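K.L.:
Counted from 1, the sequence shown has number 248 at position 59 by this note's numbering; the numbering is strictly sequential. Virtual Cβ for every residue (Gly too), placed ideally from N, Cα, C. Keep in mind that this is a model prediction, so the values were computed, not measured. Take this structure, written in structure tokens, and hold onto it; I'll ask about it next.
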Amino acid sequence: GLMLAGDKTLSKKVLSFHSILTAKFATMYRGQVDWAGDIKFPLLVKPPQEDASLGITQKSIVNSIQELLEVMGSTQTEYQSPVLVEEFIDGREFYVGVLGNSKAMALPIIELDFSKYPKDLPKIASWEAKWGDDGDEKGAEFEGTESVFPTDLSDDLIEKINKVAIDSFHALRLRDYARIDLRVTAKEEIYVIEANPNCYLEQKSEFARAAEKSGMEYAALIGRIAELATARYSR
Numbered sequence: 190g191l192m193l194a195g196d197k198t199l200s201k202k203v204l205s206f207h208s209i210l211t212a213k214f215a216t217m218y219r220g221q222v223d224w225a226g227d228i229k230f231p232l233l234v235k236p237p238q239e240d241a242s243l244g245i246t247q248k249s250i251v252n253s254i255q256e257l258l259e260v261m262g263s264t265q266t267e268y269q270s271p272v273l274v275e276e277f278i279d280g281r282e283f284y285v286g287v288l289g290n291s292k293a294m295a296l297p298i299i300e301l302d303f304s305k306y307p308k309d310l311p312k313i314a315s316w317e318a319k320w321g322d323d324g325d326e327k328g329a330e331f332e333g334t335e336s337v338f339p340t341d342l343s344d345d346l347i348e349k350i351n352k353v354a355i356d357s358f359h360a361l362r363l364r365d366y367a368r369i370d371l372r373v374t375a376k377e378e379i380y381v382i383e384a385n386p387n388c389y390l391e392q393k394s395e396f397a398r399a400a401e402k403s404g405m406e407y408a409a410l411i412g413r414i415a416e417l418a419t420a421r422y423s424r
């Protein structure tokens, strides 16, 4: 599971095999293209095996072949790896923590709120949005995003989002805990962006906050994850 989810290209292929919606994509490296369906601009270019939004900036959104080639070249040079090119999904961004194994449960949904984001920029969870312009938690993108518990989702949509998250968790053979990142369009189409098999667990992380929202204190959460892991080895 860790290997599957750690490679975004491979995980997208697995999700697609299980009929779980994910953005159309292609992988490209040194002039070679592995197509996975017709893709249309705007596109998002990113390294397939990094996390924490490493390698994702506003320049990662491209709108032409010229821009695509330029960003592909710089990304390949910096990370010495193929690049993942996928359609940019315009929609709301949600994070769903999943806890458990065979009886996995979804924690309360968290939304990355872009309402204060610079209006002239595509709404993406870039490096700058997560960590600040210089990793200093400062800058327009960082200050324009906030992780919140949405209050306007219908029960039906919540159920659908949670199902997609849990189905993704099982399809990728994840264990114990993970966070599934999704985008939901205006038509309520639910796309999986990626799965985080070892997401941040510090006390202020989205995962820990979601667990607390469900009634689980931080110490209990860490204890539960340890129980889930040790139970797998005691069988």
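1) With a Cβ-Cβ cutoff of 8 angstroms, do residue 209 and residue 285 count as a contact?
2) Secondary structure at residue 374, three-state DSSP: helix, strand or coil?
3) Alpha carbon to alpha carbon, what distance is there between residue 246 and residue 369?
4) By how many angstroms is the C-alpha of residue 198 removed from the C-alpha of residue 359?
5) Tell me, which residues are paired with residue 369 by DSSP?
6) Alpha carbon to alpha carbon, how far is residue 158 from residue 416?
7) Any idea if residue 313 is buried or exposed, counting beta-carbon neighbours within 10 angstroms, 16 or more meaning buried?
8) Residue 203: buried (16+ other C-beta within 10 angstroms of its C-beta) or exposed?
9) Kindly indicate the opening and closing residues of the beta strand (DSSP E) around residue 214.
10) In the DSSP assignment, find the unbroken alpha helix (DSSP H) run with residue 197 in it and report its ends.
11) Which of helix, strand or coil does DSSP assign to residue 295?
12) Starting from residue 257, trace the alpha helix (DSSP H) in both directions and tell me its first and last residue.
13) Checking 8 angstroms against the spacing of the C-beta atoms, do residue 299 and residue 277 come in under that value?
14) Find the nearest neighbour of residue 279 within the set 329, 344, 335 and 380, judged by alpha-carbon distance.
15) Quick one, which of 383, 315 and 274 has its alpha-carbon nearest residue 200's?
16) Could you spell out the range, first to last residue, of the alpha helix (DSSP H) harbouring residue 416?
17) Taking the alpha-carbon of residue 305 as reference, which of 291, 324, 293 and 334 has the nearest alpha-carbon?
18) Within 10 angstroms of the Cβ of residue 251, are there 16 or more other Cβ atoms? Answer buried if so, exposed if not.
19) Assuming residue 235 is part of the beta strand (DSSP E), what are its boundary residues?
20) Between the alpha carbons of residue 297 and residue 397, how many angstroms are there, rounded?
21) Pull up the distance between the alpha-carbon of residue 341 and that of residue 347, whole angstroms please.
22) From residue 303 to residue 216, what distance separates their C-alpha atoms?
23) Just to confirm, does residue 376 get its C-beta within under 7 angstroms of one of the non-hydrogen atoms of the ligand MN?
P.N.:
Based on what the coordinates show:
1) no
2) coil
3) 21 angstroms
4) 17 angstroms
5) 285 and 384.
6) It is not possible to answer for residue 158, since the shown part of the chain is limited to 190 through 424.
7) Counting the other CB atoms within 10 Å of its CB gives residue 313 a total of 16 or more, which places it among the buried residues.
8) buried
9) 214 to 218
10) From DSSP, the alpha helix (DSSP H) with residue 197 extends over 197 to 206.
11) strand
12) Per DSSP, residue 257 is one residue of the alpha helix (DSSP H) stretching across 254 to 268.
13) no
14) 380
15) 383
16) 407 to 422
17) 334
18) buried
19) Taken as a continuous stretch (DSSP letters only), the beta strand (DSSP E) holding residue 235 covers 232 to 235.
20) 11 angstroms
21) Rounded to whole angstroms, residue 341 to residue 347 spans 10 angstroms at the Cα level.
22) 28 angstroms
23) By its list of ligands, the structure shown contains no ligand whatsoever, and the ligand MN lies outside what it can speak to.
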